[in-house]
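Reading through the structure tokens given below for one structure.
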Amino acid sequence: MTLRDWTPYSWKSKPIKQWVDYPDQEAFESAVSAVSHLPPLVTSGEVERLRTELAGAEDGHYFVLQGGDCSETFDACSPNTITSKLKILLLMSYILIYGSHKRVIRIGRIAGQYAKPRSQATETRNGITLPSYRGPLINRPEFTPEARTPDPENLRKGYGHAAITLNFIRSLISGGLADMHHPEYWELGFVNLTERSREYRKIFQSIDSSIHFMEVIAGKMDQLAETTFYCSHEGLHLPYEITQTRQVPRRKHWYDLTTHFPWIGDRTRQIDGAHVEFFRGVANPIGMKVGPTMQPEELLDLTKVLNPRNEKGRLCLIHRFGANNVASKLPPLVEIIQREKRNVLWVCDPMHGNTQTTTCGLKTRSFDDILSELLQSFSILDRAGTHLGGIHFELTGENVTECIGGARGLTADDLYRDYQTDVDPRLNYEQSMEMALLIAERQASKRR
Ligand code: PEP
Ligand code: CO
Numbered sequence: 005m006t007l008r009d010w011t012p013y014s015w016k017s018k019p020i021k022q023w024v025d026y027p028d029q030e031a032f033e034s035a036v037s038a039v040s041h042l043p044p045l046v047t048s049g050e051v052e053r054l055r056t057e058l059a060g061a062e063d064g065h066y067f068v069l070q071g072g073d074c075s076e077t078f079d080a081c082s083p084n085t086i087t088s089k090l091k092i093l094l095l096m097s098y099i100l101i102y103g104s105h106k107r108v109i110r111i112g113r114i115a116g117q118y119a120k121p122r123s124q125a126t127e128t129r130n131g132i133t134l135p136s137y138r139g140p141l142i143n144r145p146e147f148t149p150e151a152r153t154p155d156p157e158n159l160r161k162g163y164g165h166a167a168i169t170l171n172f173i174r175s176l177i178s179g180g181l182a183d184m185h186h187p188e189y190w191e192l193g194f195v196n197l198t199e200r201s202r203e204y205r206k207i208f209q210s211i212d213s214s215i216h217f218m219e220v221i222a223g224k225m226d227q228l229a230e231t232t233f234y235c236s237h238e239g240l241h242l243p244y245e246i247t248q249t250r251q252v253p254r255r256k257h258w259y260d261l262t263t264h265f266p267w268i269g270d271r272t273r274q275i276d277g278a279h280v281e282f283f284r285g286v287a288n289p290i291g292m293k294v295g296p297t298m299q300p301e302e303l304l305d306l307t308k309v310l311n312p313r314n315e316k317g318r319l320c321l322i323h324r325f326g327a328n329n330v331a332s333k334l335p336p337l338v339e340i341i342q343r344e345k346r347n348v349l350w351v352c353d354p355m356h357g358n359t360q361t362t363t364c365g366l367k368t369r370s371f372d373d374i375l376s377e378l379l380q381s382f383s384i385l386d387r388a389g390t391h392l393g394g395i396h397f398e399l400t401g402e403n404v405t406e407c408i409g410g411a412r413g414l415t416a417d418d419l420y421r422d423y424q425t426d427v428d429p430r431l432n433y434e435q436s437m438e439m440a441l442l443i444a445e446r447q448a449s450k451r452r
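According to the numbering used here, the sequence shown holds residues 5 to 452 in order.
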């Protein structure tokens, strides 16, 4: 996929959205250069393995679970937060494997999800206007001119925190955290008492008995201790992405080695824009968000630019319309992709089309809306003769109160208890587990 008219810098001649202006250009260039000299965060071998697995998901052999924070913070680079995020994704993945009988590709919105697109470039409070908060890779959330001024030092910090996070994840996994012989490792502190937790325990008892049964017959299965885990982030801040975009020995393609799976956001997916130009040239599997303004012909053209050879495993369409819009918006897009035989993996993000603001001004999402968009997406894609290949959540392994609903019936009044996010509201631990159980139930009923 080495393209003759593409270079890691060809995006610079295209119009760019969400650009960051650094007042101190010299410091910016020096930070970019410093990070460019550091080793990549992931390897091309890992990226190629993910691409092969995603091709398998297009054929229906794997299912994608992508999840994590809307915006990671540098403070969240702590042992407990990383461990609980990894655990919740592992737990959800085992529930989904149980329900779907498919292997699950786990992709965290983690180890680099540090840059945020904003609808408004500035924010005004009490007559004072400052640049919007753009994520820790760029500035800080406090409402002061110092905090909101883009600081190039954050590029080094972002790389460093991503590296530390990844290092810890790799160690946890190689140290046996994901070993299916030890489901007790996955317990999160606050064991809940809802009806759902009994279902979850039943599933894990059943997995445990199956493992024992198989090992009596076939001997100890060491592969149950192995797992793969990938990281992803929105490829928003191109100067950061190019610091690790390189060709590697014995491979002819260019790779963006800041992460395994970068995605293009809904605000930066213009066909003649800088982000599409950059990502068309790197060989990683990529995602593209598909929101309500996407037109069928536009989507078709984008798939041709981003995946000119129509290869499987290259392009995931992460659609996010909202529970009220998915039934009208998704079918025409699926129809054109099917008709033109474009290879894509459909992944539903049921979060970003379902954001609402409470009367008190807090951003939230309802569990029922999220579930509804997911269930509708499964049915729409089935009816069109294809399938939903994955799900994309904003979630956390902590017991926060940011989304309403779920078995515990959180209401708008509960949101104040533990509302932590700087940007979008996330499903908490219990809500995430419940979501996985409900999807697994749907997948199991389809198999029967
Ligand atoms: C996000 O994933 O946090 C996000 C901003 O999504 P979108 O580009 O779909 O709005
Ligand atoms: Co978000």
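Just so you know, even glycine gets a beta-carbon here, dropped at the ideal spot from N, CA and C. Bear in mind the structure is a predicted one, so any value in this text is a computation, not a measurement.
What is the rounded straight-line gap between the Cα of THR368 and the Cα of LEU399? Locating residue 368 in the sequence shown gives position 364, counting from the first residue. Locating residue 399 in the sequence shown gives position 395, counting from the first residue. Their Cα atoms are separated by approximately 13 Å.
Bridge-paired residues (DSSP) for SER524: Not covered by the structure: residue 524. The range shown for the chain is 5 to 452.
Pop quiz: THR405 and ARG421 are said to be a contact at Cβ under 8 Å. What is the actual Cβ separation, rounded to whole angstroms? What you label residue 405 is simply residue 401 of the sequence shown in a count that begins at 1. What you label residue 421 is simply residue 417 of the sequence shown in a count that begins at 1. At roughly 5 Å, the Cβ-Cβ gap stays under 8 Å, so THR405 and ARG421 are in contact.
8 Å Cβ cutoff met for MET355 and ARG324: Along the sequence shown, one-based indexing puts residue 355 at 351. Along the sequence shown, one-based indexing puts residue 324 at 320. Contact flag set, yes.
Considering only heavy atoms of ligand 2, list every residue whose Cβ is less than 5 Å from one of them, following chain order. In chain order, the residues with a C-beta atom nearer than 5 Å to some heavy atom of ligand 2 are CYS74, ASP428.
Cβ-based neighbour list, PRO19, same chain, cut-off 8 Å, excluding 5 preceding and 5 following: Mapped onto the sequence shown, residue 19 falls at position 15. Taken in chain order, the residues that qualify are GLN274, ASP276, GLY277, ALA278.
Taking only three categories from DSSP, how would you classify PHE265? Start at 1 with the first residue of the sequence shown, and residue 265 comes out as number 261. Note: PHE265 maps to strand in three-state DSSP.
Quick one: complete alpha helix (DSSP H) runs, 4+ long, within the stretch 233-298? Here the runs fully enclosed are 242-247, 278-284.
Please specify which runs of the alpha helix (DSSP H), each continuous and at least 4 residues long, are wholly inside the stretch 73-139, giving them in chain order. If only complete runs of 4 or more residues are kept, the stretch 73-139 shows the alpha helix (DSSP H) at 83-104, in order along the chain.
DSSP puts LYS367 in a beta bridge; with which residues? In the sequence shown, the residue the question calls residue 367 occupies position 363. Per DSSP, the beta-bridge partners of LYS367 are THR361.
Whole-angstrom Cβ separation of VAL39 and THR359, contact assumed at under 8 Å? Counting from 1 along the sequence shown, the entry for residue 39 is found at position 35. Counting from 1 along the sequence shown, the entry for residue 359 is found at position 355. About 32 Å separates the beta carbon of VAL39 from that of THR359, a gap too long to meet the 8 Å contact definition.
May I have the straight-line CA-CA distance separating ARG122 from ASP226, to the nearest angstrom? Taking the sequence shown and counting its residues from 1, the one referred to as residue 122 is at position 118. Taking the sequence shown and counting its residues from 1, the one referred to as residue 226 is at position 222. Straight-line spacing of the CA atoms in ARG122 and ASP226 works out to 46 Å.
Which residues in the same chain as GLN251 place their Cβ atom closer than 6 Å to its Cβ, once the five residues preceding and following it in sequence are excluded? Locating residue 251 in the sequence shown gives position 247, counting from the first residue. Counting only Cβ-Cβ distances below 6 Å, and skipping sequence neighbours, we find TRP258.
Taking 8 Å as the cut-off, does the stretch 381-393 touch the stretch 73-82 (at least 3 CB pairs, one atom from each stretch)? The answer is no - the stretch 381-393 does not touch the stretch 73-82, with fewer than three Cβ pairs under 8 Å.
For SER17, the three-state DSSP class (helix, strand or coil): Looking up residue 17 in the sequence shown gives position 13. DSSP, read as helix, strand or coil, puts SER17 in helix.
Does ligand 1 have even one heavy atom less than 7 Å from the beta-carbon of HIS356? Taking the first residue of the sequence shown as position 1, residue 356 is located at position 352. Answer for HIS356: yes, Cβ within range of ligand 1.
Other residues of its chain near GLU57: CB distance less than 6 Å, five sequence neighbours each side excluded: Residue mapping note: residue 57 aligns to position 53 of the sequence shown, counting from 1. By the criterion of a C-beta distance shorter than 6 Å, GLU57 is surrounded in its chain by TYR66, ILE109, once the five residues flanking it on both sides are discounted.
Verify whether the separation of the beta carbon atoms of ILE111 and PHE265 is less than 8 Å. As a first step, residue 111 must be located in the sequence shown, where it is residue number 107. As a first step, residue 265 must be located in the sequence shown, where it is residue number 261. Going by C-beta atoms, ILE111 is nearer than 8 Å to PHE265.
Rounded to the nearest angstrom, what separates LEU45 and LEU170 at their Cα positions? By one-based count along the sequence shown, residue 45 stands at place 41. By one-based count along the sequence shown, residue 170 stands at place 166. Straight-line Cα distance between these residues: approximately 8 Å.
For the alpha helix (DSSP H) holding GLU301, just list the boundary residues, first then last. Taking the first residue of the sequence shown as position 1, residue 301 is located at position 297. Segment 300-310, the alpha helix (DSSP H) holding GLU301.
Roughly how many whole angstroms lie between the Cα atoms of GLN29 and GLU339? For the purposes of this step, residue 29 is taken as residue 25 along the sequence shown, with counting starting at 1. For the purposes of this step, residue 339 is taken as residue 335 along the sequence shown, with counting starting at 1. Their Cα atoms are separated by approximately 47 Å.
Please state whether the Cβ-Cβ distance between SER17 and GLU402 is less than 8 Å. Residue numbering aside, residue 17 sits at position 13 when the sequence shown is read from its first letter. Residue numbering aside, residue 402 sits at position 398 when the sequence shown is read from its first letter. Not a contact, by the Cβ cut-off of 8 Å.
Residues near HIS105 by beta carbon distance below 7 Å, same chain, minus five either side: Translated into the one-based positions of the sequence shown, residue 105 becomes position 101. Excluding sequence neighbours, HIS105 sits near ARG451.
Report the three-state DSSP secondary structure of TYR433 (helix, strand or coil). For this step, residue 433 is matched to residue 429 along the sequence shown. When DSSP states are grouped into helix, strand and coil, TYR433 belongs to the helix group.
Could you check whether GLN22 and THR249 sit closer than 8 Å to each other, using their CB atoms as the reference points? Indexing the sequence shown from 1 puts residue 249 at position 245. Indexing the sequence shown from 1 puts residue 22 at position 18. No. Outside cutoff.
Of the residues GLY269, GLU302, VAL294, LYS308, which one's Cα is nearest the Cα of GLY285? Your numbering for residue 285 matches position 281 in the sequence shown. Among GLY269, GLU302, VAL294, LYS308, the Cα nearest to that of GLY285 belongs to LYS308.
Just the C-alpha distance for GLU445 and ASP155, rounded to the nearest angstrom, thanks. One-based indexing of the sequence shown puts residue 445 at position 441. One-based indexing of the sequence shown puts residue 155 at position 151. Using only the alpha carbons, I get a separation of about 47 Å.
Along the chain, where does the beta strand (DSSP E) containing LEU392 start, and where does it finish? Within the sequence shown, residue 392 is the residue found at index 388, counting from 1. Run containing LEU392: 392-398, per the beta strand (DSSP E) assignment.
Taking the beta carbon of GLY180 as the centre, do at least 16 other beta carbons fall within 10 Å, making it buried, or is it exposed? Along the sequence shown, read from residue 1 onward, the residue named residue 180 stands at position 176. Label assigned to GLY180: exposed.
With a threshold of 6 Å on Cβ separation, who are the neighbours of SER48 within its own chain once the five nearest residues in sequence on each side are excluded? Position 44 of the sequence shown, counted from the start, is the residue given in the question as residue 48. Answer for SER48: VAL252, ARG255, TYR259, listed in chain order.
Straight-line CA distance for ALA119 to GLY162? For the purposes of this step, residue 119 is taken as the residue at position 115 of the sequence shown. For the purposes of this step, residue 162 is taken as the residue at position 158 of the sequence shown. In a straight line, the C-alpha of ALA119 is about 9 Å away from that of GLY162.
At a threshold of 7 Å, does PRO145 count as lining ligand 1 (C-beta to nearest heavy atom)? The count along the sequence shown starts at 1 and reaches residue 145 at position 141. Every heavy atom of ligand 1 is 7 Å or more from the Cβ of PRO145, so no.
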